[in-house]
Amino acid sequence: MKKLLIALALILAPLASEAQVKTPQASPKGYIKQTVGLTDVEVTYSRPGARGRAVFGNLVPFGKLWRTGANENTIINFSDDVIIDGKTLKKGKYAIYTVPRIESWDVIFYLSTDNWGLPESWSEAYVALKTTVKEDALPTPVETFTIGINGLDPNFGYLEMAWENSHVALKFEVPTAKTAIASIEKTLAGPSWNDYYGAAQYLFQSNGNVETARTYVDKALDLSTEKPYYVTRLKSQIQAKQGDKKGAIETAKASLASAEAANNADYVKLNKDSIAEWSR
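Mapped onto mature numbering (1 follows the signal peptide of the UniProt record, and there is no 0), the consecutive letters of the sequence shown carry residue numbers -19 to -1, 1 to 261.
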């Protein structure tokens, strides 16, 4: 009987360790992804509820730093640099902290994003941008803390936060015109050297038209000022495939010299091996 109980315990032990009790979070996770013009903006945050409590001035004291939500950091991520209150906020990920007041909120974009609530040690060096935004009183209370990206225009949007009877809307400008013009100019200027290199590489590796691959790799080298060793390496391979081993060796030597200057041991060996092979 004792052996049976031990065996049964061994069988049930892994099952017990894998069992997990699932309960809803008091402040559930929220996630927003919004494209503003050509800029992607993402926000991840936890959403506490008022649940009959007085929020601002009580649960969230006026004039003190607030985590802006619950649990771990509320995080915002911009895919481009944006302008807030005339100041540039570089693209990337930030924690959002706020200081709520009766008539205005301070909004702070903080570089450290791995805190639970407020940082143990606040550092002004981590403050990427700080601004003040007007607070608007809401006619109808908002039960659950809510962040939204609204008031959308091709050139700007508003980061909005609302809870209880308080609402703030922070305008941020996005570089839509700059990005669009750069895209137009690049497209109208025609393919880049890298585009030609990619096309030549595909044709070579997929046993496509070798003459077209040679045309593309030549155009890549004509457009490139640096003549990268990996592009000249590809040209040497294409020349060898065309049967021009003499030309392939000369091109491989140029690739070898560039690879040695760049301290790229892999391409140094590849070129040396090919030169030896094509010299036989």
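Beta carbons: idealized from backbone N, C-alpha and C, even for Gly. As the structure is a computational prediction, the values presented were derived from the model and not from experiment.
Proximal residues to residue i (C-beta, below 6 Å), its chain only, five neighbours per side dropped
{"i": "N58", "result": "E23, K74"}
{"i": "E53", "result": "W97"}
{"i": "I12", "result": "The residue asked about is misnamed: residue 12 is Tyr in this sequence, not Ile. These residues qualify, in order along the chain: T25."}
{"i": "G228", "result": "Q220"}
{"i": "A150", "result": "Y139, E141"}
{"i": "D21", "result": "S60"}
{"i": "A242", "result": "none"}
{"i": "E166", "result": "none"}
{"i": "A194", "result": "A181, L184, F185, I219"}
{"i": "T55", "result": "Y26, T49, I77"}
Cβ separation of residue i and residue j, assumed to be a contact under 8 Å, to the nearest whole Å
{"i": "V114", "j": "W86", "result": "6 Å"}
{"i": "I65", "j": "T112", "result": "6 Å"}
{"i": "Y177", "j": "K208", "result": "That belief does not hold up - the Cβ atoms of Y177 and K208 are roughly 13 Å apart, past 8 Å."}
{"i": "I83", "j": "V108", "result": "No, I83 and V108 are not in contact; Cβ-Cβ is about 23 Å, not under 8 Å."}
{"i": "R28", "j": "P9", "result": "6 Å"}
Coil, strand or helix - residue i by DSSP
{"i": "F185", "result": "helix"}
{"i": "D203", "result": "helix"}
{"i": "E53", "result": "strand"}
{"i": "N58", "result": "strand"}
{"i": "I219", "result": "helix"}
{"i": "S255", "result": "helix"}
{"i": "G30", "result": "strand"}
{"i": "I64", "result": "strand"}
{"i": "A7", "result": "coil"}
{"i": "A35", "result": "coil"}
{"i": "A243", "result": "coil"}
{"i": "V2", "result": "coil"}
{"i": "T213", "result": "helix"}
{"i": "I83", "result": "coil"}
{"i": "G44", "result": "coil"}
{"i": "G228", "result": "helix"}
{"i": "K14", "result": "strand"}
{"i": "L237", "result": "helix"}
{"i": "T20", "result": "strand"}
{"i": "K250", "result": "helix"}
{"i": "T25", "result": "strand"}
{"i": "T193", "result": "helix"}
Minimum Cβ-Cβ distance from residue i to chain D less than 8 Å
{"i": "T16", "result": "As a matter of chain content, chain D is missing from the structure shown, which is built from one protein chain."}
Close-in-space but distant-in-sequence residues of the same chain around residue i (CB under 7 Å, 5 per side omitted)
{"i": "Q182", "result": "L215"}
{"i": "L110", "result": "I65, K68, L70, F90"}
{"i": "T232", "result": "T213, K216, S217, Q220"}
{"i": "Y211", "result": "Y248"}
{"i": "W259", "result": "A221, K226, A229, I230"}
{"i": "V36", "result": "W144, E145"}
{"i": "A161", "result": "L19"}
Residue i CB to nearest heavy atom of the ligand FAD below 7 Å
{"i": "K200", "result": "As far as ligands go, the structure on display features none, and thus does not contain the ligand FAD."}
Sub-8 Å separation of residue i and residue j beta-carbons
{"i": "G38", "j": "V80", "result": "no"}
{"i": "L169", "j": "S147", "result": "no"}
{"i": "L133", "j": "F153", "result": "no"}
{"i": "Q15", "j": "I130", "result": "yes"}
{"i": "L46", "j": "L92", "result": "no"}
{"i": "L202", "j": "S173", "result": "no"}
{"i": "T157", "j": "G18", "result": "yes"}
{"i": "V198", "j": "Q223", "result": "no"}
{"i": "A31", "j": "E124", "result": "yes"}
{"i": "F126", "j": "G50", "result": "yes"}
Nonlocal neighbours in the same chain, by C-beta distance under 8 Å from residue i, ignoring five residues either side
{"i": "R34", "result": "L40"}
{"i": "K253", "result": "L237"}
{"i": "V63", "result": "T20, T69, L70, K72, F153, E154, V155, P156"}
{"i": "K234", "result": "N252, I256"}
{"i": "P122", "result": "A31, E145, N146"}
Ignoring anything shorter than 4 residues or poking outside the segment 96 to 179, list the alpha helix (DSSP H) runs there in chain order.
For the segment 96 to 179, whole alpha helix (DSSP H) runs of length 4 or above, ordered along the chain, are 157 to 170.
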